[in-house]
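All remarks here apply to the structure that follows.
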Amino acid sequence: MEMLLSTKGITICLFFFVLSLAAAIEIPLSVSQLPTITEQSHTQVAYPFDEDFTIKCEARGNPQPTFNWTKDGKPFDLSSDPRIVSSNNSGTFVIQNRGIINNFQGKYRCFASNVLGTAMSEEIELIVPSVPKFPKEKIEPLDVEHGDSVILHCNPPKGIPPLHIYWMNIDLQHIPQDERVSMSLKGDLYFANVEESDSRSDYCCFAAFPRLRTIVQKMPMTLKVSRSNFIKERKPKLLIPPESAGSSSSVTVIKGGVLLLECIAEGLPTPHLSWVKVMGSMPKDEPETENFGKTLKIDQVTAADEGTYQCTASNPMGSASHKFHVHVEEPPQWLKKPEGGVYSVGTNLVLLCEAIGNPEPSIQWKLNGMPIDGRTFRGRISTREISLTNLQLQDSAVFQCEATNKHGTILASANVNVLNIAPLILTPDEENYATVVGYSAFLHCDIFASPAADVRWTKDDSIEPLSTFRYELNKNGTLEIRDTKKEDSGSYACWAANSVGKRAITANLDIRDATKLVVTPKSPRVLKSHSILLKCQAEYDSHLKHSFKLSWRKDGDELPVNSTEGGRVILDRDTLFISSVLLEDQGVYTCVASTALDAAEAEAQLIVLDVPDPPEDLQLSENQNRSVRLSWKAGASHNSPVNESIIEFEENRWEPGRWQELSRVPGNDTTALLSLAPYVNYQFRVVSVNAVGRSQPSKPSLRYATPPAAPDKNPENIRVEASEPNEMVMKWEPLKPVERNGPGLEYKVSWRQRGVESDWNEELVKKHSLSVRNVPTFVPYEIKVQAVNNLGSGPEPNVTIGYSGEDVPDAAPSGVSVEVVNSTLVKVFWFGIPRDRVRGHLKGYKVNWWKTKNMLDGKRHHPEKHFLTFVGDRNYGMIPGLEPFSEFRLTVLAFNSRGDGPESSPVVFETPEGVPEQPRFLRILNFDKDSVTLSWGLPKKANGHLTGYVLQYQIINETHEVGAVSEVSVTNRSVLSWRLAGLSPSTKYKFYIKACTAKGCGKAATEEGLTLAQGSKGSGRISDAVKPTPKFQPSEALEPGTEYTIRLVTKNWVDNNSIFEDVIETRGRAYAGIYEGISTQGWFIGLMCAIALLTLLLLTICFVRRNKGGKYSVKEKEDLHPDPEAQSIKDEIFGEYSDSDEKPLKGSLQSLNGDIKATGSADSLVDYGEGEHGMFNEDGSFIGAYSGSKEKGSVESTGSSTATFPLHA
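Throughout the sequence shown, residue numbering follows our numbering, covering 1 to 1209 in sequence.
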């Protein structure tokens, strides 16, 4: 060790204090030491049903102690009986339960000895009980008279307590006990006075010994009670304590035990027992008594219970009493016990021994189990103290102190070990320790030394002293490093030295990172029945990952790892998920992380929000005729304060069972003064409202009925309705049930013609209407309606003006004229009818018109009327949507609520020519490398005299760039085909055809085609748009005797694959009639049905896949290459690309989309009237079509053609 010091160059870095180990550390067994009793038996009962009985005595010491026993103070040889089994190096022995073992009963003491001294155990009592039995005896019957006192003695056999005694009959039925018949503590059955009903021959006493598992029965006793010739009334006489005990007796009780005082008296009538404490007061206001007041019981007796107690037995004849002088005593108890320890040579010894008890205990000192002889003992000895000076090795001994009084003996031992040895370091060398930053580290250095050793700690090779602020040396030599840091890691050395020698060990310390936790969200607030997810994020040292554990607690209680409550609460390591949150889920949830070195916690306060609980305890007060105060107790708000309370009422006279809102109270108010209506039998309830919602309604209050009164108000919304011209029907809103205020409600109706001096006409009605006939047509009347009931009338009513019944107007508008605005719009003027000819409230005017002739072909038309309604008193209106180049007739009429008046005389007007509609088709008949032949159809409506066609074309490619537009004018209106030459081979073109009149050109039909490459055979493509529903489609413009490939495809199918393809050849015209009936052939009909079904299926799929495409969207591609035939299908089905032909191509001429313009109008939007199913709004949008039948094809869709009448002026 000297070499270790010099080589490390370590000086004393820290000297803490001299460490005294006299009593701090148990002496290592390798050191010579006195025997010490480590285990012993106490009172032992040898039950007859046990196989053997063990008496324990174990001790430690160096050298190994030997054992001796005494029994009842005399040496006891364990080998004296073969039934005793013992073992080496142990004082414990076993007595086998064979034969008679009564001779083993007694008090045993164990002595453990070695060369240094002897240790002694406390006394061990072995009790060998006998089997309790009642003696066989013949018990004479007892013959007594009515009213005598009787004692039936039990005299139970002796046995191990506890003893339970029962008095029963032969059928094991308990003998009833009361104040008259009771059992004493000794088990005797006492009769204060007997009755004839007490006669029986089977009074049996049973004694039960639970620890012996034994119940024994005494022979049955017979009691015969005969009737007495006189009543033996007498004053009480005490049977317990007997009269021989005198008027008082002494009782001794052990402190901490149970005090039982017993008084049993005889007498007639049956005496009543009472207890008092003569001096002082009872432990309780009402003393605890048993056995019908005959036994006073005090548990856990203390010195304060000492005193004189008196029992008194009394009846109407007199009383008897007895006093008990109670003395509280106690067995010995230690005040100071002698304490041994390790002492070094030359030190002094003082042993103290003090005990208390009642009576005061005697103290006896023993040395190595033998009484100390004061004549030969070199130290000083007194009753309470032993002292020795200048201890030497031979002074090592076991000192015993025994304290004894009549209630028991207690023993205390003190081992005095006098040693002189070099330090022993009990902690192993090179121990490795670890802790986390911020925690304390404890480096152990358990030392045993005598004399005491000096202990110091050093760290690494540093000579710097350790700071006493963070380093502390504990009594057992352990070094505590507080609030550790990373730099505290390293090697430490513990040094111990005394006058005999030196020792040292080393210890290694590692500092780990502390575990950190964060729970999110920190303070969640969640609605009841919703879900919450708590996440626990942890950081910990990588060296501790194998010991890292995570758990959850709720309000301090561990949550099980497996899901709970049917999967509602799920724990998955660092997450806690609660679905369908309940109110009881509210609380503090703690995430707990632990490693081998530290633990961390993080909390989240879960707050569950819910609607309030229903209010409770509704009370009515301050009762008045028109008001009452309602008070209630608010229910739990469930973490969301109550914003308001809704008071509802129900009355059982008019609408029983229907709850209606009466009042609202803001905030947390729990009382409200309610305004009430007369003649209502109210019942109230309250609903609380918070931010989450409304609570369930409270339980209803008691009913409260208000007295009746006259009405407070009159009916409202008085109006006049009439279905006949000479009739006036007056109607009003009836009073609500709670507004009636009393029984017998009627309505007093008063009316008179306005402006005519006359009396009021009056009538009382119970209904809420009154019809008056034979009145002038549409004349103003003054009307009053007043509420009346059995208690009076309501307030004076207000006068309402109403008109008698209307009739239809009897005059037609005059001066009707028409101003043509453009080919589809005219403006109509008229003079309104006089006010007196309206015969009612003027609602407006209707303009009727109908087409009479087409100016193009001169055909007359069957009149199909249309009309527009113009609301209010006005004299003009706009008629839109007319057919160009046509003749019309027009009339105007006025109307009121009753109906239409007569029409004006018809006015004839004509609309001018308009631009034509789009040609029916544009098809490519033949393609060559530099030319193409086009064919087109007439426009659906010419709207005037056709002047010719404009044919335009331009180059297009698979990009957004297009070529310039070229134009050809076809001035011959009868030409329906054209051959374009000078085209480029292998080039894609787009073609446009527009029909024209003198008014201008209409919308273009379009088609695309690709010219052939050099040397290719010419071919053409004709396209027709097929609607989904037809089973056949006629195709025009086919050349006779020509071969065609027929292909049926869906327009928006993404990859444009054919779904049907066949090759046909047209016949010459001479043979056309042969095939006219093909549509009636079965195979053709089946084929067309299959094609229709497949088309419907693919069109449905197109809804899903229409947004998929190639380099640009379908929308852009169709803007670039529209197909006019398919356009009508898109307009009807999809509607998304309806404006494709209206958008100009990039680089195209303005003429492509600018030929058709709406003509202007200076009229306001209000000039347009209302049709049968709709009208024009102020912003010009048309909602609904005007009425009347349309000419066939007149309103068919042509894509997104420009409107033929202006929407704005």
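Here a beta-carbon is modelled for each residue, glycine too, at the ideal position from N, C-alpha and C. On a predicted model such as this, the values are computed, not experimentally measured, just so you know.
Cβ shell of residue i (< 7 Å), same chain only, five flanking positions each side left out
{"i": "Asn875", "result": "Phe829, Trp830, Phe831 and Gly832"}
{"i": "Ser499", "result": "Pro451"}
{"i": "Glu195", "result": "His146 and Val225"}
{"i": "Arg773", "result": "Asn726 and Glu727"}
{"i": "Val950", "result": "Glu967, Ser969, Lys994, Cys996 and Cys1001"}
{"i": "Asn957", "result": "Lys988"}
{"i": "Leu260", "result": "Leu185, Thr295 and Lys297"}
{"i": "Thr252", "result": "His327 and Glu329"}
{"i": "Arg835", "result": "none"}
Spatial neighbours of residue i in its chain, beta-carbon cut-off 8 Å, leaving aside the 5 residues before and after
{"i": "Asp488", "result": "Ala441, Ile481, Leu509 and Ile511"}
{"i": "Val437", "result": "Thr484, Lys485, Lys486, Ile511, Arg512, Asp513 and Ala514"}
{"i": "Pro210", "result": "Pro162 and His164"}
{"i": "Pro48", "result": "Asn97, Pro129, Val131 and Leu212"}
{"i": "Asp574", "result": "Lys535, Cys536, Gln537, Ala538, Leu550 and Cys591"}
{"i": "Ala636", "result": "Pro612 and Asp613"}
{"i": "Leu142", "result": "Val150, Leu152, Met221, Thr222, Leu223 and Lys224"}
{"i": "Gly742", "result": "Pro678, Tyr679, Pro708, Ala709, Ala710, Pro711, Asn789, Asn790 and Leu791"}
Option in the options with minimal Cα separation from residue i
{"i": "Val686", "options": "Asn643, Ala403, Arg754 and Pro615", "result": "Pro615"}
{"i": "Glu716", "options": "Asp483, Thr800, Glu288 and Lys486", "result": "Thr800"}
{"i": "Phe191", "options": "Arg180, Arg200, Ser197 and Ser201", "result": "Arg180"}
{"i": "Pro82", "options": "Asn681, Leu764, Gly91 and Gln96", "result": "Gln96"}
{"i": "Thr222", "options": "Leu239, Arg200, Ile231 and Asn315", "result": "Arg200"}
{"i": "Phe885", "options": "Ile410, Asp836 and Val820", "result": "Val820"}
{"i": "Gln954", "options": "Pro902, Glu1008 and Trp936", "result": "Glu1008"}
{"i": "Ala119", "options": "Ala497, Lys851, Val611 and Ser396", "result": "Ser396"}
{"i": "Asp712", "options": "Pro666, Lys235 and Glu796", "result": "Glu796"}
{"i": "Val962", "options": "Phe991, Cys445, Pro316 and Leu934", "result": "Phe991"}
{"i": "Ser32", "options": "Ser90, Leu189 and Val416", "result": "Val416"}
{"i": "Lys827", "options": "Glu910, Ala812 and Phe895", "result": "Glu910"}
{"i": "Leu367", "options": "Leu116, Leu735, Pro332 and Met878", "result": "Leu116"}
{"i": "Glu140", "options": "Pro220, Thr70 and Ile124", "result": "Pro220"}
{"i": "Ile231", "options": "Leu676, Val729, Arg629 and Asp148", "result": "Asp148"}
Supposed contact pair residue j and residue i - C-beta distance, whole angstroms, cut 8 Å
{"i": "Lys528", "j": "Val581", "result": "6 Å"}
{"i": "Lys133", "j": "Pro157", "result": "6 Å"}
{"i": "Ser382", "j": "Gln400", "result": "About 16 Å; that fails the 8 Å criterion."}
{"i": "Gly379", "j": "Leu393", "result": "Not quite, the Cβ-Cβ distance comes to about 16 Å (not below 8 Å), so this is no contact."}
{"i": "Ala604", "j": "Leu674", "result": "Incorrect: roughly 45 Å between the Cβ atoms, too far for contact."}
{"i": "Lys294", "j": "Ile264", "result": "5 Å"}
{"i": "Glu917", "j": "Lys941", "result": "5 Å"}
{"i": "Leu620", "j": "Ser701", "result": "6 Å"}
{"i": "Gln696", "j": "Glu650", "result": "Not quite, the Cβ-Cβ distance comes to about 16 Å (not below 8 Å), so this is no contact."}
Contact with chain D by residue i, beta-carbon distance below 8 Å
{"i": "Pro880", "result": "In the structure shown, chain D cannot be found, because there is only a single protein chain."}
Bridge partner(s) assigned by DSSP for residue i
{"i": "Thr70", "result": "Pro75 and Arg109"}
{"i": "Cys311", "result": "Trp275 and His322"}
{"i": "Met730", "result": "Val720 and Leu770"}
{"i": "Ser86", "result": "Phe93"}
{"i": "His164", "result": "Ala208"}
{"i": "Ala452", "result": "Ala452 pairs with nothing; no bridge assigned."}
Same chain, Cβ closer than 6 Å to residue i, neighbours up to 5 away in sequence not counted
{"i": "Val85", "result": "Val94"}
{"i": "Arg898", "result": "Glu806, Asp807, Val808 and Gly840"}
{"i": "Leu938", "result": "none"}
{"i": "Asn114", "result": "Pro35, Gly61, Pro63 and Pro65"}
{"i": "Glu472", "result": "Glu480"}
- [ ] Within the stretch 231 to 297, note down every full beta strand (DSSP E) run reaching 3 residues or more, in order along the chain.
- [x] DSSP runs (the beta strand (DSSP E)) wholly in the stretch 231 to 297: 234 to 240, 248 to 254, 259 to 262, 264 to 268 and 272 to 277.
Task: Minimum length 3: unbroken beta strand (DSSP E) runs contained in the stretch 550 to 591 - done: Fully enclosed beta strand (DSSP E) runs of 3 or longer: 569 to 572 and 575 to 578.
Task: Every unbroken beta strand (DSSP E) within the stretch 904 to 935, with a cutoff of 3 residues, ordered by chain - done: Counting only runs of 3 or more, we get 907 to 910 and 922 to 927.
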